[in-house]
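Have a look at the structure below, then the notes.
Protein chains in written order, with our numbering: chain D, 1058 to 1368; chain X, 1058 to 1368.
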């Protein structure tokens, strides 16, 4: 029997990614949508403006996908878990780590599935990179995540507010790949965060990592001021000379200069396949590592003021 | 049989607090000390300048107390756990949350005790406050933690560096009491962090919390510029009218204006009593909540520049 699912928050990411992935997947049946604007795709039997109504009115709802902005996810997840529903969370899973921890405990208590999705982890190239690196010592890591904020977030003011994450909004995708593929955990040792004079969130960040073994040279450069070609690359070199490069946001994998994987992103297909397994096994997957690295960078990072930035 | 313990890092906190508490407690025997200066109290049979030597040379050592600065605790804890020793961590337990998480997993893997000490949690007044608040809904919380940094940290430059925590160095004591006594978790909703123009760490912070139930008015004010009388107070009011006040850093408890507990701090005695129990039960106590709240405050806090501050 397909899992009866509802979507809460029916904005761009829900319409572009969640809806088509659920449609394609016979293990899910979309039966309800809650959105402030009362939007409803054809197949959903029920539409609500208030998600609390949905949780009450649709008893056969097994799970919800929370696609609202991160600031309100915690309360919604609490209410859903208390109503006995399993929960899939868009990224980042919450506004703070304490909220995520609370959701995790709530899900354990309720005996329901909680799933933090880090979509970049589901590409084939990323999985192959993880396999190739397993067991090796890392000598060098260079993450380059540079994009044009004007293109990707035109006129979005909330990303510049305190708690809006700034360049860590895309940067957390890179960190979710790094924490997934690295054969041992990485730690933030040093970070320089560049705040525009007129903004409360960083526009660029330079990060230095360490890992438990070895004296590797591990770095990341995030920048939101890149015009022209966009760069989402992760290069890794192991102590035994393996050279690995993930390009274009983790869709292409080169090993030793040779293209090994070049497949279009099927992130959300992978996310829903994983959610099906988690629901069937009645277990949770709460990967806090990428979010924890972001918090660490803000906690120990040095703030540098740079010139004002206008959209 | 007493637990054979070693101290790593033999500075002020080790000499003032750990040493006398171990001496008073018959369940512990101090047999080794590692300090860069090679210091050794009389009763310790072994002294080392390099803790790694100690871990190798003293096979009957059961546990270590790590009293170094937080930046190096992670590596030391890893080495100690890998050498089969249980670990007590001074506060804050690590430089970052990712490091603490790693220690936690290492301790589980090694089957050894890991203990994050938050010393203010061990006062009698704090325990009585927790009992009094259990099960009630919180209407108001006001934390006032104001002290004179020139008095408490004369000439210490590292506290002003990025990753030195600034006013959260004392503030984390308040947060460790709050997270311990509150009947439900608190979350940081908003924070204003005041950075002196010439410093990389905040000198003051205003924090607004929420908790899962109720629309309470929950706030904290941390300030390092308080001359004259110092203030370390936590006031709580419950929805049913209970008025509770912890004063003087959690040593005095007033309920409804009446002084209920007034006992000198026995924090480190409590810490070693707890460590004894954990070692006997072969279990860990890793309370990440206070540290997580600090990271959340840095992650979502707004940075405000204030006038330069000279020691």
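Idealized CB from N, CA, C, for every residue including glycine.
All values reported here derive from a predicted model rather than from experimental measurement.
Secondary structure at residue 1294 of chain D: strand, using DSSP grouped into helix, strand and coil. For residue 1311 of chain X, the enclosing beta strand (DSSP E) has its first and last residue at 1309-1312.
Taking 8 angstroms as the threshold, the shortest C-beta distance from residue 1096 of chain X to chain D does not fall below it.
Contact annotation: the segment 1218-1230 of chain D does not touch the segment 1309-1327 of chain D, with fewer than three C-beta pairs closer than 8 angstroms.
The alpha-carbon of residue 1303 of chain D is positioned some 55 angstroms away from that of residue 1296 of chain X. Interface residue (Cβ-Cβ distance to chain X less than 8 angstroms): residue 1279 of chain D is not classified as such. For residue 1334 of chain D, the closest Cβ of chain X is not nearer than 8 angstroms. Unbroken alpha helix (DSSP H) runs of no fewer than 4 residues, entirely contained in the segment 1155-1190 of chain D, are found at 1181-1190, following chain order. Not one beta carbon of chain D lies nearer than 8 angstroms to the beta carbon of residue 1272 of chain X. Listed in chain order, the beta strand (DSSP E) elements of length 3 or more contained wholly in the segment 1190-1233 of chain D are 1195-1203. Contacts with chain X at 8 angstroms (Cβ-Cβ) do not include residue 1070 of chain D.
Distance from the Cα of residue 1325 of chain X is smallest, within the candidate group X/1058, X/1060, X/1066, X/1071, for X/1071. Here residue 1127 of chain X is near residue 1151 of chain X, since their CB atoms are less than 8 angstroms apart.
Between residue 1267 of chain D and residue 1350 of chain D, the beta carbon gap of about 12 angstroms keeps them out of contact (Cβ cut-off 8 angstroms). Rounded to the nearest angstrom, the gap between the Cα atoms of residue 1279 of chain D and residue 1143 of chain X is 39 angstroms.
In the assembly as shown, residue 1272 of chain X is an exposed residue. Its beta-carbon has fewer than 16 other beta-carbons within 10 Å. In this structure, residue 1141 of chain X lies away from residue 1120 of chain X, with their beta-carbon atoms at least 8 angstroms apart. Nearest in C-alpha terms to residue 1137 of chain D, of all of D/1155, D/1148, D/1153, D/1115, is D/1115.
Taking 8 angstroms as the threshold, the shortest C-beta distance from residue 1341 of chain D to chain X does not fall below it.
Contact annotation for residue 1357 of chain X against chain D: 1152, 1153, 1219, 1220 [CB-CB distance below 7 angstroms, chain order]. A direct Cα-to-Cα measurement between residue 1343 of chain X and residue 1148 of chain X gives close to 12 angstroms.
Here residue 1262 of chain D is near residue 1251 of chain D, since their CB atoms are less than 8 angstroms apart. In terms of beta-carbon proximity, residue 1351 of chain D lines the interface with chain X, with at least one pair separated by less than 8 angstroms. Annotated three-state conformation of residue 1267 of chain D is strand, per DSSP. Collapsing the DSSP output to three states places residue 1260 of chain D in coil. Nearest Cα to residue 1204 of chain D within the set D/1223, D/1069, D/1084, D/1176: D/1223. Around residue 1275 of chain D, the same chain offers 1198, 1266 as residues with beta carbons nearer than 6 angstroms, after the five sequence neighbours per side are excluded. In the structure shown, the three-state DSSP call for residue 1356 of chain X is helix. Across the structure, residue 1286 of chain X and residue 1073 of chain D are spaced so that their CA atoms are roughly 59 angstroms apart.
Take residue 1226 of chain D, set aside five residues on each side of it, and the residues of its chain with a beta-carbon closer than 7 angstroms to its own are 1216, in chain order. With 16 or more neighbouring CB atoms inside 10 Å of its own CB, residue 1180 of chain X falls in the buried class. Residue burial is scored here from C-beta neighbours: residue 1368 of chain D has fewer than 16 other C-beta atoms within 10 angstroms and is therefore classed as exposed.
The straight-line gap separating the alpha-carbon atoms of residue 1281 of chain X and residue 1219 of chain X is approximately 16 angstroms. In the DSSP assignment, residue 1284 of chain D is bridged to no other residue.
Not a single CB atom of chain D sits nearer than 8 angstroms to the CB of residue 1123 of chain X. Residue environment for residue 1209 of chain X: exposed (fewer than 16 other C-beta atoms within 10 angstroms of its C-beta).
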